[in-house]
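Trainee: The sequence shown begins at 406 in the working numbering and counts up one residue at a time.
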Amino acid sequence: MILNTVIETMNHAEMQALQSQRLQKTVERCYKKVSFYQYQMDALNVKHTDIKTIKDISRLPFTTAHDLSVYYPFGLLTMPISGVARFEQTPDLCKAVGFTAQDLAWQNEMIARSLIACDITAASVLLELADPFPGSASRSLRQTAEILGITVIAGQGTNAPSSLKTIEDFGVTTIFSSPDNLFAFAEFLKKQNIEIQDLPVKSLLCEAALCHDELRRQLQQVFKIPVYTLYGRPDVACLGIAGDCYHQDGLHINQDHFYPEIIDPATGEVLEDNQPGELVLTTISREATPLIRYRTQELAVLTRKSCICGRTSPRITFVSI
């Protein structure tokens, strides 16, 4: 099942046209509204009018985590703070990105695409086993799930007996939690002589930043059900950048909102597809705090080969998170 068939199965030429249009608007807004970007572009002798298509993106300057820290909290905003509906901060409280109401609506749709891609639908019952102080990812996932009509139950990740009772009482089909909490829950079930297959749970959901491929394999071996991951990061978007489909062959990037590049970390040179390098993201639709060529410092491989799920979006596989 695909949520937004028009966008998620759009052909390459049409998607490039959409990306080009959005990039032009984003760069113009950044150049006119954010002194940092104007200075950086002027230093490269690039004007916003020079950016005609998405292929011109390599002419633009990089943005780094250091830049976000230097201009914290309002320096990269394109609008007065009164236009910002929400700020999300990094755990160190040194970086923040703002979102308008439209930004948040788009984020909800992007997360929804990933949930549907993992076959988590209105018929699902989602148990969120959060840590004592859940972050933006948990909140955003819960909001999106509720919009989709998914039944959501909030639980405590460290309270295994309570989690088991909730799963059995409400017929929970999907659990969203950290790998640590899930491994602890599996150990609890083992001590109680309870077979995981006797529970109604059909899939597990984790943040990609917490669940690299080896951890995912271990979880799937223990639970014997699919483990899907959603990719986000607090300095870009807590969730919604990319996510698995049920084939688990790389994370589908929401390319109508995020344009991905893979670069050589040492030289900044853009690499060909299927080569490992540093993931760079440009937010081509963000209103409040657009990020141009943001260096994530995460190593990944990008492929544009079509997925058998029918989606035409590029996919990333992390080499190291």
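Even glycine gets a Cβ: it sits at the ideal position worked out from N, Cα and C.
Between the segment 677–692 and the segment 550–560, do three or more beta carbon pairs fall short of 8 Å?
Mentor: The answer is no - the segment 550–560 does not touch the segment 677–692, with fewer than three Cβ pairs under 8 Å.
Trainee: So for Gln653, helix, strand or coil by DSSP?
Mentor: As a working note, residue 653 is residue 248 in the sequence shown. Looking at Gln653 - three-state DSSP - the assignment turns out to be coil, as it is neither helix nor strand.
Trainee: Assuming Val675 and Ala705 are in contact, meaning their beta carbons sit under 8 Å apart, how far apart are those beta carbons, in whole angstroms?
Mentor: Looking up residue 675 in the sequence shown gives position 270. Looking up residue 705 in the sequence shown gives position 300. With a Cβ gap of about 14 Å, Val675 and Ala705 do not count as contacting.
Trainee: Whose C-alpha, out of Pro639, Cys714, Gln597 and Ser690, is nearest the C-alpha of Gly655?
Mentor: Locating residue 655 in the sequence shown gives position 250, counting from the first residue. Comparing Cα positions, the closest option is Cys714.
Trainee: Between Lys500 and the rest of its own chain, which residues show a CB-CB distance below 8 Å, the 5 nearest in sequence each way excluded?
Mentor: Looking up residue 500 in the sequence shown gives position 95. Within the same chain, Lys500 has close Cβ partners Ala470, Leu473, Ser474, Tyr477, Gln494, Pro639 and Asp640.
Trainee: Mapping the DSSP letters down to three states, classify Gln625 as helix, strand or coil.
Mentor: In the sequence shown, the residue the question calls residue 625 occupies position 220. DSSP places Gln625 in helix when its eight states are reduced to three.
Trainee: Using 10 angstroms around the beta-carbon of Ala517, count the other beta-carbons present and answer buried if the total reaches 16, otherwise exposed.
Mentor: Here residue 517 is taken as the residue at index 112 of the sequence shown, counted from 1. By the 10 Å Cβ count, Ala517 comes out buried.
Trainee: For the candidate residues Lys595, Phe628 and Leu587, whose alpha-carbon lies nearest to that of Cys611?
Mentor: Mapped onto the sequence shown, residue 611 falls at position 206. Checked all of Lys595, Phe628 and Leu587; the closest Cα to Cys611 is Leu587.
Trainee: Compare the C-alpha of Glu692 against each of Phe492, Gln421 and Leu594 and name the closest.
Mentor: Here residue 692 refers to the residue found at position 287 when the sequence shown is read from its first residue. Nearest C-alpha to Glu692: Phe492.
Trainee: How far does the beta strand (DSSP E) with Glu666 in it reach, from first residue to last?
Mentor: The residue given as residue 666 occupies position 261 in the sequence shown. It spans Phe663 to Ile668 - the beta strand (DSSP E) in which Glu666 sits, taken as one unbroken run.
Trainee: Would you mind reading off the limits of the beta strand (DSSP E) that contains Cys611?
Mentor: Counted from its first residue, the sequence shown places residue 611 at position 206. Cys611 -> beta strand (DSSP E) spans Ser608 to Glu612.
Trainee: If you reduce the DSSP assignment to three classes, tell me which class Ala559 lands in.
Mentor: The count along the sequence shown starts at 1 and reaches residue 559 at position 154. Reduced to three states, the DSSP call for Ala559 is strand.
Trainee: Relative to the C-alpha of Phe504, which residue among Gln426, Ser690 and Glu573 is closest?
Mentor: Within the sequence shown, the letter at position 99 stands for residue 504. Per the Cα distances, Ser690.
Trainee: Among Ala591, Asn598 and Asp618, which one has its Cα closest to the Cα of Val606?
Mentor: As a position in the sequence shown, residue 606 is number 201, starting the count at 1. Ranking the options by Cα distance to Val606, first place goes to Ala591.
Trainee: Out of Ala542, Gly540 and Ala589, state which residue places its alpha-carbon closest to the alpha-carbon of Thr563.
Mentor: If you number the sequence shown from 1, residue 563 lands on position 158. Among Ala542, Gly540 and Ala589, the Cα nearest to that of Thr563 is on Ala589.
Trainee: Does the Cβ-Cβ distance between Tyr633 and Asp649 come in under 8 Å?
Mentor: Locating residue 633 in the sequence shown gives position 228, where the first residue counts as 1. Locating residue 649 in the sequence shown gives position 244, where the first residue counts as 1. Taking 8 Å as the Cβ cut-off, Tyr633 and Asp649 qualify as a contacting pair.
Trainee: Taking the C-alpha atoms as reference points, what is the distance between Lys710 and Gln421?
Mentor: Locating residue 710 in the sequence shown gives position 305, counting from the first residue. Locating residue 421 in the sequence shown gives position 16, counting from the first residue. Spanning the two alpha carbons is a distance of roughly 16 Å.
Trainee: Could you tell me the boundaries of the alpha helix (DSSP H) in which Ile516 lies?
Mentor: Here residue 516 refers to the residue found at position 111 of the sequence shown. Its alpha helix (DSSP H) spans residues Ala506 to Ala522.
Trainee: Roughly how many angstroms separate the alpha carbons of Ile726 and Arg720, rounded to a whole number?
Mentor: The residue labelled residue 726 in the question sits at position 321 within the sequence shown. The residue labelled residue 720 in the question sits at position 315 within the sequence shown. Model confidence at Ile726 stands at a pLDDT of 48, short of 50, so the residue's coordinates are unreliable; what they give is reported in the following sentence. Cα-Cα distance, rounded: 16 Å.
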